[in-house]
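Numbered according to numbering that gives the first Met the number 0, the sequence shown spans residues 0 to 348.
Heads up, the thing below is written out as structure tokens.
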Amino acid sequence: MKETMSPKERLLATLAHQPVDRIPVAQPLHTGTIELMKSCGAYWPEVHSNAELMATLSYEAHRVIGFESVRVPFDINIEAEAMGCELEYHTGRNKGLDIQPPVKVPGVTADGDYSGVKDPDPYKDGRMPVVLQAIKLLKKKVPDTIPVIAMVVGPFMVAAQLRGVEIFMREIMRKPAEPLALIERARKICVKYAQAMEEAGADVVVIVDATASCDLISPKQFDEFAKPFSRTITESLSVPTILHICGKNDLLLTRMAEVAPGISVDSMVDMAYAKQTVGEKTAMFGNINVNGVLLFGEPEEVKNAVIECIDKGTDNLTTCCGIPPQTSTINLQTMVETGKKYGFKKVWV
0 MKETMSPKER LLATLAHQPV DRIPVAQPLH TGTIELMKSC GAYWPEVHSN
50 AELMATLSYE AHRVIGFESV RVPFDINIEA EAMGCELEYH TGRNKGLDIQ
100 PPVKVPGVTA DGDYSGVKDP DPYKDGRMPV VLQAIKLLKK KVPDTIPVIA
150 MVVGPFMVAA QLRGVEIFMR EIMRKPAEPL ALIERARKIC VKYAQAMEEA
200 GADVVVIVDA TASCDLISPK QFDEFAKPFS RTITESLSVP TILHICGKND
250 LLLTRMAEVA PGISVDSMVD MAYAKQTVGE KTAMFGNINV NGVLLFGEPE
300 EVKNAVIECI DKGTDNLTTC CGIPPQTSTI NLQTMVETGK KYGFKKVWV
């Protein structure tokens, strides 16, 4: 079959639940691999704080792998760092090439003491301005037919980073007023940051909230502590959003669909079940296994996994989580090429 839409038209139509010529192969989760770093000369950890390098590595995934999008940033701690957390940049076996900079724990709050928490300006503070500049650079680097995707961390996850995840989880059960106040504070920053991303040129914003998973909280807690706060990000923007949460979140699917027009799910969630659960009013993104298939599998295994995912009903072929840095280029290329070839089997009618 012949393509009749650009990658940007295809992705935006999918998120608007409109007809497409084939499913997109846009990648809303991070794309930084060691092979790509070597091919373009942009390496972690420097990429995390340099707009030119960040844009260069993002573009390399589009140029070499063929993803139908570009996406920044590459780590999930920018908001938490700007609000006061300290990061460890040079961990990992390859001096930072194989791991995102983690937040040092515990967080920057103590019982009843929020003096260590800051209220940053996305245009001035931390690395948020670096990401905004990288978005602007990508808008110049890629044609307007390629969508630029920007990532903001969900308020629930940011608050957990600020408090320290273990303590935070105990407090939402024992004294929820304090966590709610911290989540609200994070929400205001996340909304401002997402709006700044849109202003910089982002075509889509992906909200990543790995902590708001059924692995850590109940559906009822998701309704109280996560869903309404992330939904305000979507409501504050004129560009579409995608919500990604890691884990086996079968019980959260309809709730996630109330946050964003697109939801991205882990490989632990069966795509056929997910699509049947949310229906045609929500675009499903996923969910090729990044470890068992992409990292350790052979190209033929990748091809079979892609065909199965498309047959099960995914609306946008993508990975189940951020791509492990050690993943081979050939496996990622196989994923994208197979997705483009077999994506004509799933179209909106």
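For each residue, glycine too, the CB sits at the ideal point set by N, CA and C.
Residues that DSSP places opposite Met283 in a beta bridge: Numbered from its first residue, the sequence shown carries residue 283 at position 284. DSSP output for Met283 lists Ile262 as bridge partner(s).
Nearest-angstrom Cβ-Cβ length linking Leu52 and Ala60, presumed shorter than 8 Å: Reading the sequence shown from its first residue, position 53 is the one you call residue 52. Reading the sequence shown from its first residue, position 61 is the one you call residue 60. About 14 Å; that fails the 8 Å criterion.
Alpha helix (DSSP H) segment containing Thr13, residue limits: One-based indexing of the sequence shown puts residue 13 at position 14. Unbroken alpha helix (DSSP H) run through Thr13: 6-14.
Segment contact, 8 Å Cβ cut-off, at least three pairs: the region 138-157 with the region 226-237: yes
Burial state of Arg17, where buried means 16 or more other Cβ atoms lie within 10 Å: Locating residue 17 in the sequence shown gives position 18, where the first residue counts as 1. Looking at the sequence itself, residue 17 is Gln, so the reference to Arg does not match. Gln17 should be labelled exposed.
Boundaries (first-last residue) of the alpha helix (DSSP H) holding Val157: Position 158 of the sequence shown holds residue 157. From DSSP, the alpha helix (DSSP H) with Val157 extends over 154-162.
Spatial distance of Glu67 from Met4 (CA atoms): One-based indexing of the sequence shown puts residue 67 at position 68. One-based indexing of the sequence shown puts residue 4 at position 5. The alpha-carbon atoms of Glu67 and Met4 are separated by roughly 12 Å.
With 16 other Cβ atoms within 10 Å as the buried cut-off, status of Glu170: As a position in the sequence shown, residue 170 is number 171, starting the count at 1. Glu170 should be labelled buried.
Within 8 Å, strictly: CB atoms of Gly83 and Leu56: As a first step, residue 83 is located in the sequence shown; it is residue number 84 there, counting from the start. As a first step, residue 56 is located in the sequence shown; it is residue number 57 there, counting from the start. No, the Cβ-Cβ distance between Gly83 and Leu56 is not below 8 Å.
Heavy atom of the ligand NAD within 7 Å of Gly342 beta-carbon: Absent from the structure shown: the ligand NAD. Ligands present: none.
For Arg70, the residue or residues it bridges with in DSSP: By one-based count along the sequence shown, residue 70 stands at place 71. Answer is Ile148, bridged to Arg70.
Span of the beta strand (DSSP E), counted from its first residue to its last, around Ser242: Position 243 of the sequence shown, counting from 1, holds the residue named residue 242. In the sequence as displayed, the identity of residue 242 is Leu instead of Ser. Unbroken beta strand (DSSP E) run through Leu242: 240-244.
Proximity of Glu197 and Val204 at Cβ, strictly below 8 Å: Translated into the one-based positions of the sequence shown, residue 197 becomes position 198. Translated into the one-based positions of the sequence shown, residue 204 becomes position 205. Yes, Cβ-Cβ distance for Glu197 and Val204 is below 8 Å.
Of the listed residues Leu251, Val258, Val71, nearest to Tyr272 (C-alpha basis): Translated into the one-based positions of the sequence shown, residue 272 becomes position 273. Nearest C-alpha to Tyr272: Leu251.
Exposure label - Pro100; buried when at least 16 CB within 10 Å: On the sequence shown, position 101 is the one that residue 100 refers to. By the neighbour-count rule (16 or more Cβ atoms within 10 Å), Pro100 is buried.
Reference Gly200; option with closest CA among Lys138, Asp120, Val289: Looking up residue 200 in the sequence shown gives position 201. When each option's Cα is compared against that of Gly200, the closest is Lys138.
From Ile64, Trp43, Ala193, Tyr113, residue whose alpha carbon lies closest to that of Ala25: To locate residue 25, count along the sequence shown from 1; it is residue 26. Of the listed residues, the one whose Cα sits closest to Ala25 is Ile64.
Integer-rounded CB distance, given that Asn315 should sit under 8 Å from Ile22: The residue labelled residue 22 in the question sits at position 23 within the sequence shown. The residue labelled residue 315 in the question sits at position 316 within the sequence shown. Yes, Ile22 and Asn315 are in contact; Cβ-Cβ is about 6 Å, under 8 Å.
Residues that Met315 bridges to, as DSSP identifies them: Locating residue 315 in the sequence shown gives position 316, counting from the first residue. The sequence shown places Asn at residue 315, rather than the Met named in the question. Its beta-bridge partners are Phe284.
Extent of the continuous beta strand (DSSP E) run through Ile33: If you number the sequence shown from 1, residue 33 lands on position 34. Taken as a continuous stretch (DSSP letters only), Ile33 belongs to no beta strand (DSSP E), being part of the alpha helix (DSSP H) at 33-39.
Where Met172 falls, given that 16 or more other Cβ within 10 Å makes a residue buried: Taking the sequence shown and counting its residues from 1, the one referred to as residue 172 is at position 173. It is exposed - the Cβ of Met172 has fewer than 16 other Cβ atoms within 10 Å.
Selection from Val129, Pro6, Lys37 that minimises the alpha carbon distance to Thr328: Numbered from its first residue, the sequence shown carries residue 328 at position 329. Nearest of Val129, Pro6, Lys37 to Thr328, Cα basis: Lys37.
Span of the beta strand (DSSP E) around Val207: As a first step, residue 207 must be located in the sequence shown, where it is residue number 208. Run containing Val207: 203-207, per the beta strand (DSSP E) assignment.
Proximal residues to Leu14 (C-beta, below 6 Å), its chain only, five neighbours per side dropped: Position 15 of the sequence shown, counted from the start, is the residue given in the question as residue 14. Same-chain partners within the cutoff: Pro239, Pro260, Gly261, Ala282.
Cutoff 8 Å; reference Thr253; Cβ partners in own chain excluding five residues on either side: Stepping through the sequence shown from its first residue, residue 253 is reached at position 254. So the list reads Thr276, Val277, once near-sequence residues are dropped.
Rounded separation between Phe356 and Val264 - CA only: A query on residue 356 cannot be resolved here, the shown segment of the chain reaching from 0 to 348 and no further.
Under 8 Å between C-beta atoms of Lys7 and Asp202: Along the sequence shown, read from residue 1 onward, the residue named residue 7 stands at position 8. Along the sequence shown, read from residue 1 onward, the residue named residue 202 stands at position 203. In contact: Lys7 and Asp202 (Cβ atoms closer than 8 Å).
Option in Val69, Leu331, Arg184 with minimal Cα separation from Thr144: The residue you call residue 144 lines up with position 145 of the sequence shown. It is Val69.
Local Cβ density within 10 Å of Asn248, reported as buried at 16 or more and exposed below that: Here residue 248 is taken as the residue at index 249 of the sequence shown, counted from 1. Asn248 should be labelled buried.
Three-way DSSP call (helix, strand, coil) for Glu2 in this model: If you number the sequence shown from 1, residue 2 lands on position 3. Correct three-state label for Glu2: coil.
Closest Cα partner of Lys187 within the set Lys117, Val292, Arg62, Met270: Indexing the sequence shown from 1 puts residue 187 at position 188. When each option's Cα is compared against that of Lys187, the closest is Lys117.
Buried versus exposed call for Lys302 [16 or more other C-beta atoms within 10 Å across all chains shown]: Translated into positions along the sequence shown, residue 302 becomes position 303. So Lys302 ends up on the buried side.
Start and end residues, alpha helix (DSSP H) containing Cys308: To locate residue 308, count along the sequence shown from 1; it is residue 309. Residues 298-310.
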